[in-house]
Amino acid sequence: MVDAAAQTASLLSLRVAVVATFCALPCAIWLAWVLARHDFRGKAWVSALVHLPLVLPPVVTGYVLLIAFGRNGLIGSALYELFGVTLAFRWTGAAMAAAVMAFPLMVRAIRLSIEAVDPRLEEAGATLGLGPWRVFARITFPLALPGVLVGAVMGFAKAMGEFGATITFVANIPGETQTLPSAIYALLQIPGQEGPAATLVLYALAISVLAVLVSEWLARRLAARVGGNHAL
Amino acid sequence: MRFEAEISHRFAGFDLDVALTGRDGVTVLFGPSGSGKSTFIRAIAGVLRPDQGRIVLGDDVVFDARAGVQVPAHKRRLGYVFQDGRLFPHLDVTQNLRFGATRGADQIAERDVVELLGLGDLLERRPATLSGGERQRVALGRALLSGPRMLLMDEPLAALDGPRKDEILPYLSQLKSEAGVPILYVTHAVEEVARLADHVVMMQAGRVVQQGPVFDVLSSPDAMPFLGVREAGSILRAQVVSHEDDGLSVLRSGAGLLELPGVDAAVGDSVRVRILARDVILARARPQAMSARNVFETQILQIERGRGPGVAVVLGAGQDRLMARITDRSCNELGLETGQRIFAILKATAVSRGGIGRGSQSDAHKLTQA
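Structure follows, in structure tokens:
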């Protein structure tokens, strides 16, 4: 029974983390590129807003999400009326909370890797007839790819471990929103459940270690392929 | 293709203010570092937006400050060779060469470029494994294959050491006659001007101080202050007549027959020979029993006194001119005057290998006319 519950929580956590990572990644890449390569008014504010979930207590972030995306929230009610979509207390809401929490970490890592791409190479690309979009697709992105990967893995890890915002926004419903951290927390509230809790801890450990190993392997392969970011 | 550029740009240090009309062949922008020549070429390429002015390439207005026209770099169809190569590190040589090769109808075939630049053995290598000279050759090929209507070269040899430069210069000379597009070339090395330029524009502190055909500009005493007295000299157009068994080559020039050691060109080829003013000795009478091989009887066209102890003497050499730099004292003791017949003496070994470049077709044309 413990194993079944552990499996449910693990699979849910994986699903939440994967969905959160893949939804947040394109936005994170775009925003990282904007922040790395453009100067505009209010850039500092945009940057601060992106980093907000990193510095706010997660419970606050979860609460803000609940206010905005709850059934009675401004955006949440509109979503429900227009598309019949509910986020609060659903696993999709958990994915959203995880994505919001992972987003700043992803943007940071990707922005650094884009900033490390030599802009002189992009300039060379333009003189060879490539417009801004193709310069990004054929020069900037391939060269920043190892950093993008790092960002994705950090985001995934954060999404796997996210607890505060998730439990505030979508509560702790077994089978729906009870991710690994929520399940561990729930078990630890009951005396004598340290054993099952330890099993879940092992699950969490295994998933995290595996993710890090895979990303290390990928990063090494990419780094060998890219061979440095600098103009030669 | 014709190009016209009129550019004003303000810097912290000085103002760039240049108007230039370019033509076919190689136009070299020559000047010391910080004279604004790189800014000018970057404005032509469209990677820098000047404050004021107008740039017309062929029939296209690509920049007009007043009309608010600024065609972005990627739409200008210009090949740009940077000082620092800028090969893409994540791509191999072939992929680098083909990077911009998707446009342009009048492309030179990849095969020809690979052959022209001797890239055959490098195609599968990564930029990180190439030498500096090899990288510049690949960068040149990449620019050529992008189907440009003009080539811009921003000190393409400046980052290379002496031997690497000598490795690339022959390719550039070759390219000059085979690229079929005008070339705008920026450099601060007189040697490159002498070997490659058809037309030279001398710049200083953001202004054009002299411009004209390379043979006229370099052989003019007016250029001396900008070249520096050690680098001042003239270029002679010459044609290889024969290679002797003892290693000397005989060339026909406007001044007469030249004997120079080991000229690297086939018999019949036209070459440019750069003769530094400080290597030319003047004598009133034909010298006897002397080791120097090259003695020309010529006429003094101009005597120019500078501020220092030196005097520049310009001598006729057929359609070209020869310049000698001697001391003011010698000039007075010999009693040199304009129009006088005089003997110019040149030591055969004074002309270094780097001072001999392949001539262009226009050079050869002028030689036969003369």
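Residue numbers (the numbering used here), protein chains in the order written: chain A, -7 to 224; chain B, 29 to 398. The beta carbon of each residue, even a glycine, is placed where N, CA and C say it ideally should be.
Legend: CB atoms of the segment 114 to 139 of chain A lying less than 7 Å from CB atoms of chain B belong to residues 115, 116, 118, 119, 120, 121, 122, 123, 131, 134, 135. By the C-beta density criterion, residue 165/A is exposed, having fewer than 16 other C-beta atoms within 10 angstroms. Taking a C-beta cut-off of 9 Å against chain A, none of the residues of the segment 187 to 201 of chain B qualify. Shortest Cα-Cα distance from residue 323/B to any of 288/B, 329/B, 242/B, 347/B involves 288/B. Contact check for residue 285/B against residue 352/B fails: the beta carbons are separated by 8 Å or more.
Leaving aside the five residues that flank residue 101/A on each side, the residues in its chain whose CB is nearer than 7 Å to its CB run, in chain order, 139, 142, 143, 146. Residue environment for residue 98/A: buried (at least 16 other C-beta atoms within 10 angstroms of its C-beta).
Take the alpha-carbon of residue 187/B and the one of residue 161/B: they are about 9 Å apart. Residues of the segment 67 to 81 of chain B with a C-beta less than 7 Å from any C-beta of chain A: 73, 75, listed in chain order. Between residue 247/B and residue 333/B the beta-carbon gap is near 17 Å, outside 8 Å, which marks them as no contact.
Listed by position along chain A, the residues whose Cβ is nearer than 7 Å to that of residue 101/B are 118, 119.
Residue 307/B carries a helical assignment under DSSP once its states are collapsed to helix, strand and coil. For residue 205/B, none of the residues of chain A pass the 8 Å Cβ criterion, the least Cβ distance being about 24 Å.
In the structure shown, residue 31/B adopts extended strand secondary structure according to DSSP, grouped into three states.
The DSSP-derived three-state label of residue 102/B is helix.
Neighbourhood of residue 112/A in chain B, by CB distance below 9 Å: 110, 112, 114, in chain order. Interface with chain A (8 Å Cβ-Cβ cutoff): residue 349/B is excluded. Using a Cβ-Cβ cut-off of 8 Å, residue 159/B does not count as an interface residue toward chain A, since no Cβ of chain A sits closer than that to its own.
A straight line joining the alpha-carbon of residue 155/A with that of residue 169/A spans about 11 Å.
By the neighbour-count definition (other C-beta atoms within 10 Å, threshold 16), residue 179/A is a buried residue. At a cut-off of 8 Å between beta-carbon atoms, residue 37/B makes no contact with chain A. Residue 367/B is outside the set of residues whose beta carbon lies under 8 Å from a beta carbon in chain A. In the displayed model, residue 300/B falls within a strand according to three-state DSSP.
For residue 114/A, the closest C-alpha among the options 38/A, 134/A, 96/A is that of 134/A. Contact annotation, residue 229/B with residue 90/B: C-beta distance approximately 19 Å; criterion of less than 8 Å not satisfied.
Between the segment 39 to 58 of chain B and the segment 208 to 220 of chain B there are three or more inter-stretch CB-CB distances shorter than 8 Å, so the stretches are counted as touching. Cβ atoms of residue 59/B and residue 100/B stay farther apart than 8 Å, at about 27 Å.
By the criterion of at least three beta-carbon pairs nearer than 8 Å, the segment 261 to 277 of chain B is in contact with the segment 299 to 317 of chain B.
Here the alpha carbons of residue 200/B and residue 35/B stand approximately 28 Å from one another. Neighbours of residue 153/B across chain A, judged by C-beta separation under 7 Å, do not exist; the nearest C-beta is about 11 Å away.
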